[in-house]
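Below you'll find the structure, written out as structure tokens, and then a few comments.
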Amino acid sequence: MGELNQPANLTGVKGQMIKRKLEMDAANPSANAASVDQSASQKTVTLSTESPTGTTPAAEQPIDSVPASSTSSSAQNVDTAVPPPKVKRDRRPLLITLALLLPLLGLVGGIWLALRPYLKLDSPPVDPKVAQQWVESGTKRNQQGQYAEAIKDFDQAIRFNAQDANAYLNRGFAQHRMGNLNAAVDDYTKALTLNNRFAEAFSNRSHVRFDQGRQDAALEDASRAIAIQPTLAVAHLNLGNALFATGNLDGAFQKFSQTLQLNPSNLIAARAHNNQGNVFANQKKIDEAIQAYTQAIQLDVNYADALFNRALAFDLKGNRQGAINDFRGAAKLYQAAGNNEMSATANRRVAQLQKSSTPAPNTQAI
């Protein structure tokens, strides 16, 4: 009976059990956390779920229940730990490596920039429909005499379809009209690279070769165009021009006549008549020359060269007023076309004819 009246001993035993359990938990922090959650759910007297102010903390907040002995031990370990010695690194090898790599990187970058256009990394995707729209726009500008704008349109067409031979052909035409003969040859040659049976490209390149004074090359290109497409009137016209330049007047006249027999456009027919007039003029057949020039002017009223040539023929025939009228008309047409040099030449001929036709002043002595 006396042993039952000793609650202090029971309390002491319970305290020892709790202390022992906490010591075990301190040795295993993960087990301690689980133990804390379990003891809190059992509402033991050792832990409280309320803060001193009476508010309940958030469920995810940890409960600081680490024994004092464990805390002091951890603090002791931190205080007594000896930091590792600092090792000073030598950065010179790294700097040397960077110094050697910089020129190499610059060289690689330069090569990349140089090759980038050829790699076509910035080129838009091939779109033949869009390219054709640009070709049509450029063709209209060519017909309107807006050659600089036409070249820009054809540039866009080629960006969207670099395999379009027609785009190069039409850009070559605009380049020729702008006086860019070498660029025109390059475009026609590119068109022939894409289509080696492109008769129009051979014919047009023949015309440029003629303007460059390369008559042998002009003859060859025009002949190849006719071999591919015998009914191409402009090719016969260009072959006739090259024959005329080499002094073969009969051969040239024959080609100009063949041009007219192929039912060409008024523009081509006007050129053929004008060139026939040049053959007649060289053969001293002035009346026939005037007739040929007149036919050319009737087909193309804006044909400045035909007016200029007829003015020369009128002058040879002694028709001063006819020559003055044609020279004046040619000067205006040349000026409108931007050919200031020929416009000035025509105006000088007008001045010369007017001066020679002015009667001498009366010098009779009084």
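Residues 365 to 730, numbered by our numbering, are exactly what the sequence shown covers, in order. Ideal Cβ placement from N, Cα and C applies to all residues, glycine included.
Would you check if there are 3 or more beta carbon pairs closer than 8 Å linking the segment 660-669 to the segment 682-698? yes
Kindly indicate which three-state DSSP category Q527 falls into: helix, strand or coil? Within the sequence shown, the letter at position 163 stands for residue 527. If DSSP states are grouped into helix, strand and coil, Q527 belongs with coil.
Closest to D614 by CA distance: which of L631, V643, K493 and R588 is it? As a working note, residue 614 is residue 250 in the sequence shown. Checking every option, the nearest Cα to that of D614 belongs to V643.
Return the chain-ordered ranges of every alpha helix (DSSP H) run that is complete within the segment 606-673 and spans a minimum of 4 residues. 613-625, 630-646 and 650-663
Under the rule that 16 or more other beta-carbon atoms within 10 Å means buried, what is V598, buried or exposed? By one-based count along the sequence shown, residue 598 stands at place 234. It counts as buried.
Using alpha carbons as the reference points, say which of Q618, L465 and Q510 lies closest to A701. Working through the sequence shown from its first residue, we reach residue 701 at position 337. Of Q618, L465 and Q510, the residue nearest in Cα terms is Q510.
Local conformation of R561 per DSSP, three classes: Locating residue 561 in the sequence shown gives position 197, counting from the first residue. R561: coil per DSSP, three-state reduction.
Measure the Cβ-Cβ separation of A529 and A521 and say whether it is below 7 Å. For the purposes of this step, residue 529 is identified with residue 165 of the sequence shown, where counting begins at 1. For the purposes of this step, residue 521 is identified with residue 157 of the sequence shown, where counting begins at 1. No, they are not a contact pair.
In chain order, what residues of the same chain have a beta carbon less than 8 Å from the beta carbon of K619, not counting five sequence neighbours either side? Position 255 of the sequence shown, counted from the start, is the residue given in the question as residue 619. The answer, listed in chain order, is H600, L601, L603, G604 and L607.
Using only the alpha-carbon positions, how far apart do A582 and T557 sit? Stepping through the sequence shown from its first residue, residue 582 is reached at position 218. Stepping through the sequence shown from its first residue, residue 557 is reached at position 193. Roughly 18 Å separates the two Cα atoms.
Roughly how far, in whole angstroms, is the beta-carbon of V714 from the beta-carbon of F678, given that I think they are within contact range, below 8 Å? In the sequence shown, the residue the question calls residue 714 occupies position 350. In the sequence shown, the residue the question calls residue 678 occupies position 314. Between F678 and V714 the Cβ distance is about 12 Å, and since that is not below 8 Å, they are no contact.
Using C-beta distances below 6 Å, list every residue in its chain close to Q425, excluding the 5 sequence neighbours before and after it, in chain order. The residue you call residue 425 lines up with position 61 of the sequence shown. In this prediction, Q425 scores a pLDDT of 35, lower than 50, which makes its location untrustworthy; the coordinate-derived value is nonetheless stated afterwards. Answer for Q425: no residue qualifies.
Buried or exposed, going by whether 16 or more other CB atoms sit within 10 Å of the CB of S567? The residue you call residue 567 lines up with position 203 of the sequence shown. Burial call: buried.
Could you check what DSSP says for R712 in three-state terms: helix, strand or coil? Counting from one through the sequence shown, the residue named residue 712 turns up at place 348. Correct three-state label for R712: helix.
Tell me whether G543 is buried or exposed, calling it buried when 16 or more other Cβ atoms sit within 10 Å of its Cβ. The residue given as residue 543 occupies position 179 in the sequence shown. G543 comes out exposed.
Compare the beta carbon distance of A634 and A675 with 7 Å and say whether it is the shorter of the two. To locate residue 634, count along the sequence shown from 1; it is residue 270. To locate residue 675, count along the sequence shown from 1; it is residue 311. Against a cut-off of 7 Å, the Cβ pair of A675 and A634 comes out as no contact.
Where do the N-terminal and C-terminal ends of the alpha helix (DSSP H) with A586 fall, by residue? Position 222 of the sequence shown, counted from the first residue, corresponds to residue 586. Per DSSP, A586 belongs to the alpha helix (DSSP H) from Q579 to I592.
With a 10 Å radius around its C-beta and 16 neighbouring C-beta atoms as the bar for buried, classify L572 as buried or exposed. In the sequence shown, the residue the question calls residue 572 occupies position 208. Looking at the sequence itself, residue 572 is Val, so the reference to Leu does not match. So V572 counts as buried.
Candidates W498, N683, F672 and E584: closest to S707 by CA position: Taking the first residue of the sequence shown as 1, we reach residue 707 at position 343. With distances taken between Cα atoms, S707 lies closest to F672.
Range covered by the alpha helix (DSSP H) that runs through T503: As a first step, residue 503 is located in the sequence shown; it is residue number 139 there, counting from the start. Segment P492 to Q507, the alpha helix (DSSP H) holding T503.
Spatial distance of Y552 from T610 (CA atoms): Locating residue 552 in the sequence shown gives position 188, where the first residue counts as 1. Locating residue 610 in the sequence shown gives position 246, where the first residue counts as 1. Going by the C-alpha atoms only, they are around 23 Å apart.
First through last residue of the alpha helix (DSSP H) which encompasses G693: In the sequence shown, counting from the first residue as 1, residue 693 sits at position 329. Counting along the chain, the alpha helix (DSSP H) containing G693 begins and ends at R684 to A700.
Use the C-beta contact count for E500: other C-beta atoms within 10 angstroms, 16 or more gives buried, fewer gives exposed. Here residue 500 corresponds to residue number 136 of the sequence shown, with the count starting at 1. With fewer than 16 other Cβ atoms within 10 Å, it is exposed.
Can you give the Cα-Cα distance for D585 and Q527, rounded to whole angstroms? Residue 585 sits at position 221 when you count from the first residue of the sequence shown. Residue 527 sits at position 163 when you count from the first residue of the sequence shown. Roughly 22 Å separates the two Cα atoms.
Among N638, N646, D664 and Q647, which has the Cα closest to the Cα of Q655? Position 291 of the sequence shown holds residue 655. Closest by alpha carbon: N638.
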